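**Q** Numbering (this note's numbering) for the sequence shown: 5 to 107.
There's a structure below that I have some questions on.
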Amino acid sequence: MATVSDLGLRLMLLANAVIPFVFFMAAIYLALHIAFVRLVRNPASPVVWFFGVVTGPLTRPVRGWLAPGSPEPRVRLLALGVYVALWLATRAFFVWLGGPHPG
């Protein structure tokens, strides 16, 4: 039977894996969106549409901090910076918290 400390440890390990992974994937999708917008010349391309749909919710919070009418490339680049910073900050936070100690 699992004790309360085992449950807390399992929750911390799950959070240690999931939270940074979500920020990492957000950064990857934003980086791919930036790359494909530069490489694909047709703005009606299904690839550009896909990344626009996927990264739309990721850029919305950043857009709220910028001046109205900010260009999309700037919004995407700043959003990429925010999600990379969040990814690194969560990794550092979980390292600071420490993991399971043997023995």
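No residue lacks a Cβ here, since even glycine has one placed at the ideal position from N, Cα and C.
The model shown is predicted, which means the values in this text are computed figures rather than measured ones.
Mark Ala-31 as exposed unless 16 or more other C-beta atoms lie within 10 angstroms of its C-beta, in which case mark it buried.
**A** Buried.
**Q** Beta-carbon within less than 8 Å of Leu-15's beta-carbon, same chain only, minus the 5 sequence neighbours each way: which residues are those?
**A** Result list for Leu-15: empty, nothing under 8 Å.
**Q** Measure how close the beta-carbons of Leu-84 and Ala-39 come, nearest whole angstrom, since I'm counting them as under 8 Å.
**A** No, Leu-84 and Ala-39 are not in contact; Cβ-Cβ is about 11 Å, not under 8 Å.
**Q** Can you list, in chain order, the residues of its chain with a C-beta nearer than 6 Å to that of Ala-23? Leave out the 5 residues immediately preceding and following it.
**A** The amino acid occupying residue 23 in the given sequence is Ile; Ala does not appear at that position. Closer than 6 Å at Cβ, skipping near neighbours: Thr-94.
**Q** Please classify Trp-69 as buried or exposed, where buried requires at least 16 other C-beta atoms within 10 Å of its C-beta.
**A** By the 10 Å Cβ count, Trp-69 comes out exposed.
**Q** Here's the rule: buried if 16 or more other CB atoms are within 10 angstroms of the residue's CB, otherwise exposed. What is Trp-91?
**A** Buried, because 16 or more other Cβ atoms sit within 10 Å of the Cβ of Trp-91.
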